[in-house]
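**Student:** These protein sequence lines map, in sequence, to chains A and B. Counted from 1, the first sequence has number 57 at position 57 by the numbering used here; the numbering is strictly sequential. Counted from 1, the second sequence has number 241 at position 241 by the numbering used here; the numbering is strictly sequential. A single structure is presented below for examination.
Protein chains: 2
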Amino acid sequence: MAETAEDLEDLTRTESVASSADSPESTPKQDEAQTPTARANTTKPSKPETKRNAFTELMAPKPRAPISQAPQSLASKASQVIRGVWRGALIEYIEHPERFPNQVLRVTAHTVLIKDAFPKSTIHLLLLPRSPAHYLLHPHTAFADASFLTTIRAEAAEAARLAAAELARQLGSFSASNRARDEAVGRGVPPDRLPPGRDYAREIRVGTHAHPSMAHLHVHIISRDMRSERVKHRKHYNSFNTPFFVPLADYPLAEDDVRRETGYQNANLRRELVCWRCGRTFGNRFAELKRHLEEEFVEWRAE
Amino acid sequence: MAETAEDLEDLTRTESVASSADSPESTPKQDEAQTPTARANTTKPSKPETKRNAFTELMAPKPRAPISQAPQSLASKASQVIRGVWRGALIEYIEHPERFPNQVLRVTAHTVLIKDAFPKSTIHLLLLPRSPAHYLLHPHTAFADASFLTTIRAEAAEAARLAAAELARQLGSFSASNRARDEAVGRGVPPDRLPPGRDYAREIRVGTHAHPSMAHLHVHIISRDMRSERVKHRKHYNSFNTPFFVPLADYPLAEDDVRRETGYQNANLRRELVCWRCGRTFGNRFAELKRHLEEEFVEWRAE
DNA sequence: TATTCCGATAGTGAC
DNA sequence: GTCACTATCGGAATGAG
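See the structure below:
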């Protein structure tokens, strides 16, 4: 899977959507921050050699919350509850996207787009709304707000285009239906005169999980394949391949939509495994599904 | 555990109970027997470098039983059913003890005494009755025969003495109550004038399993400790440390003895784990019990 | 429905 | 209640000095 990891690295460099990050990976200030008194609330990674992400960032040593504090709003208290536990890890990307130049792909007024730290497909991005009024809401609640939904949908569409372009870059050379375009690129044909290639946008899905584990609102932008060594158990797979995955297009959900029901969604996660591509069933035999997905991947990318 | 393995090797050499084995480990005939036509019913190990035991012996490739055979007695048919499957592996020790000089400790008119191939304690022997009229019976049935029981008991007692002597040899130097004897041995005191040491016979248990998996009647002669890397799961442990283990002294069982009941014995195998020495309970936490048994072993051998 | 580690549980096949 | 192998399932901790 090293190939995949390297290719995802490339994704940060291929597009014109430069992140707003402007701080270099390492600065003298970080070394100064090693003294406990200098750390205070702005946490820094204690081991510079550790690859930085929101998890290491969030879990970095910090003093216990002081007994005497300035009065807080209810909103910031809620945020405080989340901070410092894994459920709240995404807040770091939202509040400090510039700290993660390797993960953050795009920052707009409304969202931060990052690479999922544990991608479940060849391409797996997360779109994180920045609005504090929304970002701790359950997706079903947040996307009941029509205006907010419209905003996020537009950003998600842009993210999906980016994901499709990266998928084309990574897999285009394996694709039969993309061959003419691929060869034209090889001949130096300018972009505006290239023949249409495979429609990779069709292979990108956009949606939420019915029961997110990470507290902050996030929309998955994920390629169809489910080929990743990070897919390690049934729930990983079923969370993207049953109605537990709620397409962003389906929002707002009707009040009586069955997908709101906890029991129904828990059952979805425990369903028998079914190949997303050929429909073959695998019961509980996850390892067998994994081997099968490898074969399907080869055929899928060759379409 | 290499120490244990080596010490068990020693057991074949320490006592005067020479096995009846007289054939060397390897003969030219075995190589001749490699051709399929020469194998017939007397199976040979196909890979000479593999350490030989009844399992490799029994499982070695052999031709299917020929369609046309001489008429057989019912007894030999029963034996035929067992032959060639794991449940019948012990027959090789019974019929061909001379093939296993490293496993067989003693052969008498009535029994073969072997080292268990997967010992569940520091000392773990199996006493195999040679009587074809008994050796495929369930232990509860076989030991309802008073005369047979008397014979096997006498042999088992001898086997237990052998086991105790080997335990003393392996562990005597760690034992407080054995120190005087140990030091006397060191000073060259003749055996008949040695002070009494620790009573290792008390640490040897003799009995059967209520539901044996190996088809041929076998009596376990096992040291008390249960310290062995071959103890790998709960059933291994509980089969020796619940009423699933039936002391030979308890035979014949009464008709209404609860230990005859299948449901009761299956429950015994699934019981929560309890340390045989201190009575501490471990629920289902087998790994924790294993670590605890290591500590108990050190204290037990120091008694 | 975060991951990771450890370990308990279950099914299979065995020349 | 044979073993050995593979895998599934289940709980607990989760950073760092």
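Ideal Cβ placement from N, Cα and C applies to all residues, glycine included. Computed from a predicted structure; not experimentally measured.
#1: Should the stretch 187-201 of chain B be regarded as contacting the stretch 133-142 of chain B, the criterion being three or more beta carbon pairs within less than 8 angstroms?
#2: Can you list, in chain order, the residues of its chain with a C-beta nearer than 6 angstroms to that of A168(A)? Leave out the 5 residues immediately preceding and following it.
#3: Can you give me the C-alpha to C-alpha distance between E166(B) and V274(B), rounded to a whole angstrom?
#4: What's the C-alpha gap between L293(A) and M226(A)?
#5: Going by DSSP, which residues form a beta bridge with R205(A)?
#6: With respect to the beta strand (DSSP E) encompassing R270(B), which residues constitute its N-terminal and C-terminal limits?
#7: List in chain order: all unbroken alpha helix (DSSP H) runs of 4+ residues lying wholly within the stretch 139-193 of chain A.
#8: Expressed to the nearest angstrom, what Euclidean distance is found between the alpha-carbon atoms of S121(A) and A163(A)?
#9: Run through DSSP, which three-state label would L293(A) get?
#10: For F245(A), list the residues DSSP reports as bridge partners.
#11: Measuring alpha carbon to alpha carbon, tell me which of G188(B), A157(B), S213(B) ends up nearest I82(B).
#12: How big is the Cα-Cα spacing for T262(B) and R271(B)?
#13: Any idea if W300(A) is buried or exposed, counting beta-carbon neighbours within 10 angstroms, 16 or more meaning buried?
#14: Using alpha carbons as the reference points, say which of I204(A), A54(A), L128(A), F143(A) lies closest to A254(A).
#15: With the cut-off set at 9 angstroms, would you say V219(A) and V231(A) are in Cβ contact?
#16: Using CA coordinates, which residue listed in E92(B), L149(B), L125(B) is at the minimum distance from P252(B)?
#17: On the DSSP bridge list, what partners appear for V104(A)?
#18: Beta carbon of A180(B), beta carbon of E303(B): below 9 angstroms?
#19: Around the C-beta of G88(A), are 16 or more other C-beta atoms found within 10 angstroms, so that it is buried, or is it exposed?
#20: When DSSP labels each residue in this structure, what does H129(A) get in the three-state scheme?
#21: Can you tell me where the alpha helix (DSSP H) with E92(A) in it begins and where it stops?
#22: Please list, in chain order, all residues of the same chain as L58(A) whose beta carbon is under 6 angstroms from its beta carbon, the five residues on each side excluded.
#23: Where does the unbroken beta strand (DSSP E) through G283(A) begin, and where does it stop?
#24: Taking the beta carbon of F118(A) as the centre, do at least 16 other beta carbons fall within 10 Å, making it buried, or is it exposed?
#25: Considering only residues of the same chain and omitting the five flanking positions on each side of P243(A), which have a CB-CB separation below 7 angstroms?
#26: Do I94(A) and I221(A) have their beta-carbon atoms positioned less than 9 angstroms apart in this structure?
#27: When burial is assigned at 16 or more other CB atoms within 10 Å of the CB, is R52(A) buried or exposed?
#28: Which whole-angstrom value describes the C-beta separation of E155(B) and T108(B), a residue pair presumed to lie in contact below a C-beta threshold of 8 angstroms?
#29: Between N238(B) and the rest of its own chain, which residues show a CB-CB distance below 8 angstroms, the 5 nearest in sequence each way excluded?
#30: Within 10 angstroms of the Cβ of D256(A), are there 16 or more other Cβ atoms? Answer buried if so, exposed if not.
#31: So which of V298(B), Q265(B), R106(B) has the shortest CA-CA distance to R277(B)?
#32: Please report how far the alpha carbon of D145(A) lies from the alpha carbon of H96(A), in whole angstroms.
#33: Measure the alpha-carbon distance for P191(A) versus A184(A) and round it to whole angstroms.
#34: Helix, strand or coil for E299(B) per DSSP?
#35: Using a Cβ-Cβ cutoff of less than 6 angstroms, which residues in the same chain neighbour D55(B) once the five nearest sequence positions on both sides are dropped?
#36: Looking only at DSSP bridge pairs, what is V274(B) linked to?
**Tutor:** By the coordinates alone:
#1: no
#2: Y200
#3: 27 angstroms
#4: 7 angstroms
#5: I222(A)
#6: Per DSSP, R270(B) belongs to no beta strand (DSSP E); it is in the alpha helix (DSSP H), 262-270.
#7: 139-142, 146-171, 179-186
#8: 11 angstroms
#9: helix
#10: H209(A)
#11: S213(B)
#12: 14 angstroms
#13: buried
#14: F143(A)
#15: no
#16: L149(B)
#17: I114(A)
#18: no
#19: buried
#20: Note that residue 129(A) is Pro in the sequence shown here, rather than His. The answer is strand: DSSP assigns P129(A) an E or B state.
#21: 91-95
#22: A89, E92
#23: 281-283
#24: exposed
#25: R259, N268
#26: no
#27: buried
#28: 6 angstroms
#29: F244, N268, L269, R270, R271, L273
#30: exposed
#31: V298(B)
#32: 26 angstroms
#33: 9 angstroms
#34: helix
#35: Looking at the sequence itself, residue 55(B) is Phe, so the reference to Asp does not match. The residues are A89.
#36: T281(B)
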